[in-house]
Amino acid sequence: EVSLISPKAQKQDNSTLFDIEIIITDRDSVQLRAGYSANADIIIRRAQNALQIPERLLTFEEDSVFVEVETE
């Protein structure tokens with residue numbers, strides 16, 4: 189179970205990385221060691237007609253994320 193996904197990505201070499209935390213519910217069937225990595229597609233929620241904003245337009249400050257809205 190995914191318990192946390194960092195809202196801010198980190199660039200490393202040619203990869204985009206997100207820190208995550210998971211809860212392993214079946215510990216008997218999983219063996220983890222330091223240095224393991226994985227690739228995953230994680231779908232948190234699906235929404236139709238949702239506004240998508242490129243990450244480069246977001247401003248990150250501490251634990252908050254902001255976007256500037258242009259008004260007339």
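Residue numbering for the sequence shown follows the working numbering, beginning at 189 and increasing consecutively. Cβ coordinates follow ideal geometry from the N, Cα and C atoms, glycine included.
Using the three-state DSSP reduction, which class does residue i fall into: helix, strand or coil?
i	result
Leu205	strand
Leu245	helix
Ser225	coil
Arg233	coil
Could you tell me how far apart the beta carbons of residue i and residue j are, in whole angstroms, since I believe they sit closer than 8 angstroms?
i	j	result
Leu246	Val253	5 angstroms
Glu189	Thr204	About 23 angstroms separates the two Cβ atoms, so there is no contact after all.
Please list the terminal residues of the continuous beta strand (DSSP E) segment that includes residue i.
i	result
Val253	Ser252 to Phe254
Gln198	Gln198 to Gln200
Whose CA, out of the options, lies closest to the CA of residue i?
i	options	result
Ile210	Ser225, Leu192 and Arg234	Leu192
Lys196	Ser225, Phe206 and Leu239	Phe206
By DSSP's criteria, residue i is part of a beta bridge. Which residues make up the other side?
i	result
Val190	Ile210
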